[in-house]
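Counting from 1, position 148 in the sequence shown corresponds to residue 479 in the working numbering; the numbering is continuous, with no gaps.
Worksheet: the structure to be examined is printed underneath.
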Amino acid sequence: RDEVAAKALDAEAIDIYTDVEGIMTADPRIVEDARTIDTVTYNEICQMAYQGAKVIHPRAVEIAMQRNIPLRIKSTFSDAPGTLVTNMYPDRGVGTDITANCIITGVVHTPNVTQLRVSTGDVQDQHLTDKRIFKAMALADISVDFISVQPEAVLFTVRDEVAAKAITILQNMGFEPGVVPSCAKVSIVGAGIAGVPGVMADMVEALSDAGVTILQSADSHTTIWVLVQKEDMVMAVQTLHRKFRLNICI
């Protein structure tokens, strides 16, 4: 692979050619005014890849990041400059108002997931119960995501295609999980999220105004995730792309 060869040869840069013109602010099949991102950090593109963007595998980015090798993601079918992936945080300002308008890099989504809620009983023993549950999932080769540990319960998601298997395992362990099928995870990603107050509030307000119900949420330094019904996924992606002005900020 190109990224492995570059590591061995200490390449100064890697050009990766795909069938699209670079990394987009959202899936253009969902968001008509999605734009190509000029510059993105390694961490941002890793998060976008892990959360649903399909243009580049996160492992390729990790290898380039370890060696500090810039990546250029370009189209095989055009001369467009594509997207530069580097360790430098890009200036995405509209005028000078960067913080207010341009802290988000992109909106990504993962459809076809099922939310499971397991009542774990006594809080004192909850960590042991959680450990049993996740170990059982791992032994069955079921990947869990969106983990949320609450008093007397644990929530997590699995892919729809393994949901029945996961439910059977939990039932065999003596649990009767609550099940919400046909969900989707929608994420906003941006290095500018860290330390900026009100991003989650803006996200929740925008989705609420659009009539999208949030089933679960979580955040990190560069990413905020929400779980929604699959039928609300397109509306959620479009709403967040518009809310954070990604059609003009990138």
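Note that beta-carbon positions come from the ideal geometry of N, C-alpha and C, so glycine has one too.
Quantities reported herein were computed from a predicted structural model and do not represent experimental measurements.
What is the DSSP secondary structure of residue 351, counted as helix, strand or coil?
Counting from 1 along the sequence shown, the entry for residue 351 is found at position 20. Coil at residue 351, not helix or strand.
Going by beta carbon distance, what residues of the same chain come within less than 7 Å of residue 573, once the five residues before and after it are set aside?
What you label residue 573 is simply residue 242 of the sequence shown in a count that begins at 1. So the list is empty, once near-sequence residues are dropped.
Identity of the residues DSSP links to residue 514 by a beta bridge:
If you number the sequence shown from 1, residue 514 lands on position 183. Beta-bridge pairing links residue 514 to 444 and 560.
Buried or exposed (CB count within 10 angstroms, at least 16 for buried), residue 411
Within the sequence shown, numbered from 1, the residue matching residue 411 stands at position 80. Exposed: under 16 other Cβ atoms inside 10 Å.
Assign residue 425 to buried or exposed, taking buried as 16 or more other Cβ atoms, counted over all protein chains shown, within 10 Å of its Cβ.
Here residue 425 refers to the residue found at position 94 of the sequence shown. Unreliable positioning characterises residue 425 in this predicted model, as indicated by a pLDDT of 40, which lies under 50. The coordinate reading is nonetheless provided below. When all chains shown are included, residue 425 counts as exposed.
Between the C-alpha atoms of residue 486 and residue 551, what's the straight-line distance to the nearest angstrom?
The residue labelled residue 486 in the question sits at position 155 within the sequence shown. The residue labelled residue 551 in the question sits at position 220 within the sequence shown. Those two C-alpha atoms are separated by around 18 Å.
Quick one, which of 362, 443, 547 and 497 has its alpha-carbon nearest residue 472's?
In the sequence shown, counting from the first residue as 1, residue 472 sits at position 141. Minimum Cα distance to residue 472 is reached at 497.
Taking the beta strand (DSSP E) that residue 385 falls in, what are its first and last residues?
The count along the sequence shown starts at 1 and reaches residue 385 at position 54. Run containing residue 385: none; DSSP gives neither H nor E here.
If you follow the alpha helix (DSSP H) that residue 465 is part of, which residue opens it and which one closes it?
Reading the sequence shown from its first residue, position 134 is the one you call residue 465. Start and end: 457 to 470.
Once the 5 residues before and after residue 427 are set aside, which same chain residues still bring their CB inside 6 Å of it?
The residue given as residue 427 occupies position 96 in the sequence shown. For residue 427, the pLDDT reaches just 35, beneath the cut-off of 50, and the residue's location in the model is therefore unreliable, leaving the point undetermined.
How many Å lie between residue 458 and residue 535 at the Cα?
Here residue 458 refers to the residue found at position 127 when the sequence shown is read from its first residue. Here residue 535 refers to the residue found at position 204 when the sequence shown is read from its first residue. Each residue's alpha carbon lies about 30 Å from the other.
Residue 368 versus 360, 362 and 356, residue with shortest Cα-Cα distance
Taking the first residue of the sequence shown as 1, we reach residue 368 at position 37. When only C-alpha atoms are compared, the closest one is 356.
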